[in-house]
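> A single structure is presented below for examination.
There are 2 protein chains.
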Amino acid sequence: MKINTKVELGIVALADIAIHSEEGKAVRSSDIAQRQNISHKYLEQILLILRQGKFVRSHKGIHGGYHLSRPANKILLCDILNTLDNNILANMYEKNDEQPDGIRASVNNCLWSNLNSYMRQFIEKMTLEDLIKEYKQGLAEEQNYMYYI
Amino acid sequence: MKINTKVELGIVALADIAIHSEEGKAVRSSDIAQRQNISHKYLEQILLILRQGKFVRSHKGIHGGYHLSRPANKILLCDILNTLDNNILANMYEKNDEQPDGIRASVNNCLWSNLNSYMRQFIEKMTLEDLIKEYKQGLAEEQNYMYYI
DNA sequence: CTATTCCATAGTATAATGGTAGGAATTGAA
DNA sequence: TTCAATTCCTACCATTATACTATGGAATAG
Chain D
15 MKINTKVELG IVALADIAIH SEEGKAVRSS DIAQRQNISH KYLEQILLIL RQGKFVRSHK
75 GIHGGYHLSR PANKILLCDI LNTLDNNILA NMYEKNDEQP DGIRASVNNC LWSNLNSYMR
135 QFIEKMTLED LIKEYKQGLA EEQNYMYYI
Chain X
15 MKINTKVELG IVALADIAIH SEEGKAVRSS DIAQRQNISH KYLEQILLIL RQGKFVRSHK
75 GIHGGYHLSR PANKILLCDI LNTLDNNILA NMYEKNDEQP DGIRASVNNC LWSNLNSYMR
135 QFIEKMTLED LIKEYKQGLA EEQNYMYYI
């Protein structure tokens with residue numbers, strides 16, 4: 015499945031903010047852009063959406079930047095996805111101009127609706143914290159590896 | 015998730031062929047188009063893809079048309095999907111120009127790859143026959159309903 | 001030989017995607 | 001008060017994908 019860049023980069027940006035937040039300090043968009051190798055101006059647009067979706071709070075000016083609006087374990091992946099792309103978890107085709115007992119409707123129910131529900135099961139469980147954990151664990155394993163050489 | 019019309023209509027067309035095949039008779043594209051309310055010429059393009067993917071065989075001429083190239087329970091949904099849209103089950107982003115231990119890679123592994131595998135689990139089990147069963151069952155229930163009134 | 005059917009390619013209008021660009025607004029520090 | 005750093009907001013644009021329409025050719029049964 016093709017994931018568009020807004021969704022992909024938005025989640026990466028949130029993860030970056032979560033990982034690089036230090037007490038009291040906001041994370042600058044230019045730093046995120048540099049670390050994650052994203053166009054700064056494009057990232058700003060994505061952060062705008064994330065702010066409007068209440069995932070981050072922002073602060074202007076010389077020591078400005080972004081921080082999470084709530085703890086990472088309270089930020090659900092499915093909410094992020096819905097905010098960044100309202101199609102990705104939307105049920106495939108709503109347009110029910112055909113008779114509800116036709117083949118098309120049957121395929122819709124048996125295949126697309128069920129697939130959609132199935133995907134939701136996966137995504138509704140996950141939080142931003144789960145993603146970060148994975149990353150930190152990766153780092154830790156790497157350090158252990160270095161240590162034991 | 016947004017499903018494009020080629021995928022949607024292609025599956026519907028296959029289901030229609032499976033349902034309306036009678037012994038020895040091919041199903042005409044014009045009949046499918048009329049029953050399923052699809053543009054005939056567009057449907058022909060889709061049937062072309064399905065033929066190239068070896069899901070149907072075709073026969074030209076006055077009594078021509080399409081029939082399944084093998085029993086419906088041997089036609090896997092995932093194969094149809096891959097033929098009609100090579101993105102739908104493809105792993106989200108391959109482009110690994112970033113360092114493999116970065117946040118982006120971590121999100122890829124933990125989220126997109128896993129979600130993709132999860133979707134596959136659902137779709138790899140299903141055959142065209144399963145879809146048709148659902149439809150026929152719907153019909154049967156409807157008839158029972160009529161019967162018991 | 002002709003009607004019927006599939007086969008194949010070209011064109012096209014619309015929308016989505018993936019950005020770039022420019023500057024206004026706000027803030028904090030000197 | 002001024003200035004630099006930062007977010008905020010909108011407009012624009014090039015490319016690609018989508019969802020068809022259109023046209024005509026090729027094969028085949030009768």
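Chains as they are written, first to last, in our numbering: chain D, 15 to 163; chain X, 15 to 163.
Backbone N, C-alpha and C define an ideal beta-carbon position, used for all residues, glycine too.
No experiment lies behind these values; they were computed from the predicted model shown.
Can you tell me which of 46/X, 129/X, 30/X puts its alpha carbon nearest to the alpha carbon of residue 164/D?
Residue 164/D lies beyond the residue range present for chain D, which begins at 15 and ends at 163; the question has no answer from this structure.
> In chain order, what residues of the same chain lie with their CB nearer than 6 Å to the CB of residue 34/X, ignoring the 5 residues before and after it?
Locating residue 34/X in the second sequence gives position 20, where the first residue counts as 1. Taken in chain order, the residues that qualify are 41.
> Would you call the CB atoms of residue 43/D and residue 23/D closer than 8 Å?
One-based indexing of the first sequence puts residue 43/D at position 29. One-based indexing of the first sequence puts residue 23/D at position 9. Against a cut-off of 8 Å, the Cβ pair of residue 23/D and residue 43/D comes out as no contact.
> Which chain D residues are close to residue 50/X, counting only those with a beta carbon under 7 Å from its beta carbon?
What you label residue 50/X is simply residue 36 of the second sequence in a count that begins at 1. Within chain D, the residues near residue 50/X are 117, 118.
> So if DSSP puts residue 70/X in a beta bridge, which residue, or which two residues, is it bridged to?
By one-based count along the second sequence, residue 70/X stands at place 56. Beta-bridge pairing links residue 70/X to 82/X.
> Using the DSSP secondary-structure output, state which residues sit across from residue 90/D in a beta bridge.
Along the first sequence, read from residue 1 onward, the residue named residue 90/D stands at position 76. Residue 90/D is bridged to 141/D.
> Identify whether residue 147/D lies in helix, strand or coil by the three-state DSSP scheme.
On the first sequence, residue 147/D is found 133 positions in, with the first residue counted as 1. Here residue 147/D sits in helix by DSSP.
> Report the option in 89/X, 142/X, 98/X, 140/X whose CA atom is closest to the CA atom of residue 19/X.
To locate residue 19/X, count along the second sequence from 1; it is residue 5. The shortest Cα separation from residue 19/X among 89/X, 142/X, 98/X, 140/X belongs to 98/X.
> So with CB distances below 8 Å, who are the chain D contacts of residue 29/X?
Within the second sequence, numbered from 1, the residue matching residue 29/X stands at position 15. The answer, in chain order, is 117, 120, 121.
> Just to confirm, are residue 15/D and residue 103/X a CB contact at a threshold of 8 Å?
By 1-based counting over the first sequence, the position of residue 15/D is 1. By 1-based counting over the second sequence, the position of residue 103/X is 89. Yes.
> Taking residue 95/D and residue 137/D to be in contact with their CB atoms under 8 Å, please state how far apart those CB atoms are, rounded to whole angstroms.
The residue given as residue 95/D occupies position 81 in the first sequence. The residue given as residue 137/D occupies position 123 in the first sequence. With 8 Å as the limit, residue 95/D and residue 137/D qualify as a contact, their Cβ atoms being about 7 Å apart.
> Just grab the DSSP bridge partners of residue 41/X for me.
One-based indexing of the second sequence puts residue 41/X at position 27. Per DSSP, 80/X.
> What separation, rounded to the nearest whole angstrom, lies between the Cα atoms of residue 53/X and residue 133/D?
Taking the first residue of the second sequence as position 1, residue 53/X is located at position 39. Taking the first residue of the first sequence as position 1, residue 133/D is located at position 119. Between residue 53/X and residue 133/D, the C-alpha separation is close to 31 Å.
> For residue 121/D versus residue 29/X, is the C-beta spacing smaller than 8 Å?
Counting from 1 along the first sequence, the entry for residue 121/D is found at position 107. Counting from 1 along the second sequence, the entry for residue 29/X is found at position 15. Against a cut-off of 8 Å, the Cβ pair of residue 29/X and residue 121/D comes out as a contact.
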